[in-house]
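All remarks here apply to the structure that follows.
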Amino acid sequence: MTPNDQPLSIGSPPLTGPALAAFFSRDAVVVASDLIGSRLTIAGAGGRIVETEAYRPDDEASHSFRGPTARNAAMFGPAGRVYIYRSYGIHWCLNFVCKAASAVLIRALEPESGIEDMIRRRGVANFIDLCNGPGKLTQALGVDISLNGLALDAAPFEIGMAEPVPVVAGKRIGITKNVEPLWRFGAVGSRFVSRRFP
DNA sequence: CGGTGGATCTTCT
DNA sequence: GAAGATCCACCGA
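Residue numbers for the first sequence follow the numbering used here, so the first one is -3 and each next one is one higher.
Here's what the structure looks like:
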C-alpha cells in the first residue's frame, strides 16, 4: 500500500438543506465541474471526488434521454438525491441528480477515510486501485441499489464542499453516442483518476 | 504499458 | 435479442 501524500482537506462544512438543493439544482455540466475537490463519505468511508461526468436529458448518452422508466426514475425526481444503476450486469454506478433529469456520475475518489473498510470490500491492498473507477468506487463504499433515490444531506451520506482546485475536462469514457462534448472532469494532476486526461 | 476478450444480467427494443 | 456510463486477466511489446 502506497502512502497518501496529499494533505487532507479537513474542516469543509457539510452541505445540507437549502444550500445542498441550490448547489445541485443547476446544469449537470456545471455541477460536475464544481464537485471536483469536494468530499464524499458514505457511512464514514470516502474521500475527495477527483473525477466526474455529466449526463443531460438532451444527451443521447444519458439514461434520461428517452424519458422516464422504472430504472431511471430517480433522475426525474428532486435534485440532490442519488441515482444508482447496475452496469454491465456486475457493477453499481453512483450518480448525483441535478436539474431537469440531469445527473453527475461519480467516477473516482481519492481515499481519505474508512480505508480499512474499502480494502476489505474491494479485496485489494493497492491503495491507488480502491476508488479509481465508477464500479470500484461503489464496491469500496458499499453502495448498492438499496440507496437509490436517497437524499444526499442525510445518513449515510455526507457531502463537504472544499476549496476550489484546478479542473481539467475531457471526453466521457465508455459511451458510444454523443462522444464529443467534454463533459468528463478531473482534478489536475490527480493520481486517483480512472484514466489520465490527455 | 497498451490492446483484447470474457464475465454477467438488467433494461429496453 | 442486443447493448451496455465496467473491471480484470491475459497477451504481446
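Just so it is clear, CB atoms sit at the ideal spot from N, CA and C, and this is done for glycine as well.
With DSSP run on the structure shown, which of helix, strand or coil describes Ile124?
helix
Spell out a yes or no on whether the stretch 9 to 29 and the stretch 40 to 57 are touching, meaning 3 or more CB-CB pairs, one atom from each, closer than 8 Å.
yes
Spatial distance of Pro10 from Val164 (CA atoms)
25 Å
Taking all protein chains shown into account, decide if Pro3 is buried (16 or more other Cβ within 10 angstroms of its Cβ) or exposed.
Reliability fails at Pro3, whose pLDDT of 37 lies under 50, so the model's placement of it is uncertain and the value that follows must be treated cautiously. The residue is exposed, with fewer than 16 neighbouring Cβ atoms inside 10 Å.
Three-state secondary structure (DSSP) at Leu36?
strand
Could you give the distance in angstroms between the alpha-carbon of Thr(-2) and the alpha-carbon of Ser109?
For Thr(-2), the pLDDT reaches just 35, beneath the cut-off of 50, and the residue's location in the model is therefore unreliable, although a value from the coordinates is still provided. Between Thr(-2) and Ser109, the C-alpha separation is close to 15 Å.
For Glu49, which residues from the same chain have a beta carbon less than 8 Å from its beta carbon, with the 5 sequence-adjacent residues on both sides left out?
Ala28, Val100, Leu101, Arg103, Arg168, Ile169, Trp179, Arg180 and Phe181
Could you check whether Phe188 and Asn122 sit closer than 7 Å to each other, using their CB atoms as the reference points?
no
Please work out which residues of its chain come closer than 8 Å, Cβ to Cβ, to Gly138, disregarding the five sequence neighbours upstream and downstream, and give them in chain order.
For Gly138, the CB contacts under 8 Å within the same chain, skipping 5 residues up- and downstream, are Ile38, Ala39, Ala41, Asp113 and Arg117 in chain order.
Where the beta strand (DSSP E) containing Leu105 begins and where it ends
Ala99 to Ser109
Across which residues does DSSP place Asn91 in a beta bridge pair?
Beta-bridge pairing links Asn91 to Tyr79 and Leu101.
Which residues DSSP lists as bridging Glu176, in chain order:
DSSP output for Glu176 lists no bridge partner at all.
Beta carbon of Leu31, beta carbon of Val78: below 7 Å?
no
For Ala151, which residues of its own chain have a beta-carbon under 8 Å away from its beta-carbon, when the five flanking residues on both sides are left out?
Ala39
So, under 8 Å CB-CB, Ala158 and Arg35 are touching, yes? Tell me the CB distance rounded to an integer number of Å.
6 Å
Using CA atoms only, rank isn't needed, just tell me which of Glu154, Glu106, Ile115 and Gly119 is closest to Phe92.
Closest option to Phe92, Cα to Cα, is Glu154.
The beta strand (DSSP E) with Thr65 in it runs from where to where?
Looking at the DSSP string, Thr65 is not in any beta strand (DSSP E), and its letter there is neither H nor E.
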